[in-house]
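Comments concern the structure below.
Chains as they are written, first to last, in the working numbering: chain A, 108 to 226; chain B, -7 to 412.
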């Protein structure tokens, strides 16, 4: 299990996302209590199976952005932003809408350690 | 999980032994047999094989050697995709994941001895069985139509040659000819499917046969994404499509494939092409296994286990799946829950609470895509909807184009998820 050591202040993260629908730069204030969570990698692996239906293992495909190789902070920020409906796209708002903080952390932890997604 | 040389030789020896003897030799590992290699079965086989890291022997029984997805088959009809582009081989599942891919039909299931009998004569033993056979049609559900008529009036609701046939018949229509569809009653595979097909047929005809007409006889008073489709039909195919719902006699239908007529509420219409989509039930192997109630196989959403036999899981269109629609996306989602439950039961691996989701994308015309989706959870009663969304009428052209492009990405993703 990963240990993530973070600065103990609120972190404002700039998330730059390329994609067909939302090629914009947004500043998202992710709550510290989410950032400081240590994610369960096994749980993240199970939750990630849902992501892989659309987000193809080896990168961008059509109108679906690539999430392979994204950092933990980028993934946490993006999922938080979709869950809070800060970022558009109803599919992602729906998918992220049912994720608790622990589940977001689990997903981020899993993707961060994923070395070879082509399984 | 790439096979190394030693594993590959081991797998080859097992296959050779299976061909020499009527029964698959026991390897000592727990055995899973998956019947049906579509969105449910192929996904389940791949996830069990990959995530168990070789601890479970997986056999996938699928009659077709090249699988044509029902999803996106309408886009082939409309000319947006080639047939080849929606065809997929099982080669990766065999070579990359060590799955025993058997191209045969399951014709019998003995739940007592936990065996599956194949049409070719072999018998497979299982510790857990996953049935994902899709749908079969209910005999006599459309007056005048039977399997003997499917070359005159195709259903094209099991993708492949039937889809090719329907497209060819549409293309061969005379100028000003009539295309009729007999739509199915609820519940059926792919709720927006018939209406995407109407859209794609209209798209095809608009270019080559603009005075042609489309009639839809529907036993339902409304259908999935109805407002969106009707908006699109009005703006893209004005005057071409006549949808006759149940309130207008759309459920009172008979067909005559010999004379090529469709009779709707007593009115006889000569047609030049006709797509009959009959009422549906679970793929027949479920009935043979004795795990259906009525037309479908009841399951527990927590694990996708049959409520009648705990050693059998049922996925996709064949199961009574609560609030989820019968879709490829749903089958793929359910497969992952089942795969996790099966691995947990057979190897003691961790099992997490079931989560499901679905999104259905439909193409109305070039760069005009719409979608509907939801998330679900397992309750003791059923798989229950949590939250959902649907495209809105009046959306911008940019958003509709982006929605269509999203579906292209999804198709690429889900087929990679199914076939490796």
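Every residue gets a Cβ at the ideal spot worked out from N, C-alpha and C, and that includes glycine. For clarity, every value in this text was computed on a predicted model and none was experimentally measured.
Considering only residues of the same chain and omitting the five flanking positions on each side of residue 54 (chain B), which have a CB-CB separation below 6 angstroms? 29
Which class does residue 339 (chain B) belong to by DSSP, given the choice of helix, strand or coil? helix
Chain A contacts made by the segment 338 to 364 of chain B, where a contact means CB separation under 8 angstroms: 342, 344, 347, 349, 351, 363
Stretch-stretch touch, CB-based, cutoff 8 angstroms, three pairs: the segment 128 to 143 of chain B with the segment 271 to 278 of chain B: yes
Can you name the start and end residues of the alpha helix (DSSP H) that residue 186 (chain B) belongs to? 185 to 200
Which term fits residue 298 (chain B), buried or exposed, when burial requires 16 or more other beta carbons within 10 angstroms of its beta carbon? buried
For residue 365 (chain B), which option in A:200, A:163, A:189 has the closest C-alpha, if you only look at C-alpha atoms? A:200
Within 10 angstroms of its Cβ, does residue 160 (chain A) collect 16 or more other Cβ (buried), or is it exposed? buried
Reducing DSSP to helix, strand and coil, say where residue 235 (chain B) ends up. strand
Helix, strand or coil for residue 261 (chain B), going by three-state DSSP, please let me know. strand
For residue 49 (chain B), the nearest candidate out of B:120, B:98, B:105, B:64 (CA to CA): B:120
Please list the partners that residue 170 (chain A) has in chain B, where partner means a Cβ-to-Cβ separation under 7 angstroms. 394, 397, 398, 400, 401
Nearest candidate by alpha-carbon position, reference residue 358 (chain B), set B:60, B:183, B:286, B:66: B:66
For residue 205 (chain A), which residues in chain B fall below 9 angstroms Cβ to Cβ? 347, 349, 367, 369, 378, 379
Spatial neighbours of residue 409 (chain B) within its chain, please: CB distance less than 8 angstroms, with the 5 preceding and 5 following residues excluded, ordered by chain position. 35, 38, 324
Please determine, among B:384, B:224, B:304, B:153, the residue with the shortest C-alpha to C-alpha distance to residue 102 (chain B). B:304
Could you check what DSSP says for residue 254 (chain B) in three-state terms: helix, strand or coil? strand
Using a Cβ cut-off of 8 angstroms (strictly closer), state whether residue 332 (chain B) contacts chain A. yes
Any chance the segment 178 to 197 of chain B sits against the segment 224 to 236 of chain B, with 3 or more Cβ pairs inside 8 angstroms? yes
Identify which residue in B:247, B:91, B:389, B:341 has its Cα closest to the Cα of residue 27 (chain B). B:91
Report buried or exposed for residue 16 (chain B), applying the criterion of at least 16 other Cβ atoms within 10 angstroms of its Cβ. Residue placement at residue 16 (chain B) is poorly supported in this model, since its pLDDT is 42, which falls under 50; the coordinates are not used for a value here.
Short of 8 angstroms Cβ to Cβ, which residues in the segment 176 to 188 of chain A face chain B? none
Measure the CB-CB distance between residue 375 (chain B) and residue 336 (chain B) and report whether it falls below 8 angstroms. no
Return the residue from the list B:258, B:97, B:262 that minimises the CA-CA distance to residue 206 (chain B). B:262
Backbone CA spacing between residue 211 (chain A) and residue 397 (chain B) [nearest angstrom]: 26 angstroms
Indicate the three-state DSSP secondary structure (helix, strand or coil) for residue 140 (chain A) in the structure shown. helix
Residues bridged to residue 324 (chain B) by DSSP? DSSP lists no partner for residue 324 (chain B).
May I ask you to list, following chain order, the residues of the segment 56 to 84 of chain B that have a beta carbon less than 8 angstroms from some beta carbon of chain A? none
Element boundaries [alpha helix (DSSP H), containing residue 43 (chain B)]: 33 to 43
Does any C-beta atom of chain A lie closer than 8 angstroms to the C-beta of residue 229 (chain B)? no
List the residues of chain B whose Cβ lies closer than 7 angstroms to the Cβ of residue 150 (chain A), in chain order. 344
List the DSSP bridge partners of residue 297 (chain B). B:292, B:305
Looking at the C-beta of residue 199 (chain A), does it have a partner C-beta in chain B at a distance below 8 angstroms? no
Reduced DSSP secondary structure (H/G/I, E/B, other) of residue 182 (chain B): coil
Who are the Cβ neighbours of residue 216 (chain B) in its own chain at under 6 angstroms, not counting the five residues just before and after it? 183, 184
Indicate whether at least one CB of chain B lies closer than 8 angstroms to the CB of residue 159 (chain A). yes
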